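What the sequence shown shows, in mature numbering (1 follows the signal peptide of the UniProt record, and there is no 0), is residues -23 to -1, 1 to 95, in sequence order. Each residue gets a CB set at the ideal place from its N, CA and C atoms; glycine is no exception. As the structure is a prediction and not an experimental result, all values here were calculated from the model. Beneath this line is the structure, given in structure tokens, with notes to follow.
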Amino acid sequence: MKTYTILTALDGMLAFNAQVVNAGCYTTGDPWPNKDQAAQFVWDACYGSQGMFSGQFRPKKTKSMCPRSGQLGLVFEVENQWDQTLDLNNDDCYTRLKNEIYGCDRGGESTVSKWRFR
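The structure is reproduced here in structure tokens:
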């Protein structure tokens, strides 16, 4: 009985920590003009007190920004795909968007735990 209870509890914890991830890089469009500058834009948006991606997201809400780097506008988006209002963790915001910058030469898109990053 004790073994079954422990395994059931462990199974529940593993299921809770599992994340569904869909990701891909864009194959068209301009390459990043300056990846480090793009990462700084994202840091400001995720960690800044007035950052574009800080605060709560209503259900199905997409927040976006388009800072300029040289002659190009860089489009960043974060979407809450949940059916409830949530506040995205700053570390998750920065890490996921930074992955799109450094992991893809032309940017990309990923969905992790019902949050879409582009």
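For Arg73, the secondary structure class from DSSP, reduced to helix, strand or coil, is helix. Between Met29 and Ser41, the alpha-carbon positions lie close to 7 Å from each other.
Proximity to Phe53 across Tyr71, Ser90 and Gln33 peaks at Tyr71, based on C-alpha coordinates.
Secondary structure note for Cys23: its alpha helix (DSSP H) is the uninterrupted segment Lys12 to Tyr24. Per DSSP, the continuous beta strand (DSSP E) segment holding Met42 begins and ends at Thr39 to Met42. Cα atoms of Asp69 and Thr4: separation of roughly 25 Å, rounded to the nearest angstrom.
With distances taken between CA atoms, Leu51 lies nearest to Leu74 out of Thr62, Arg93, Leu74 and Ser90. For the 7 Å CB-CB criterion, Ser46 and Asn(-2) do not form a contact. In the structure shown, Asn66 adopts coil according to DSSP, grouped into three states.
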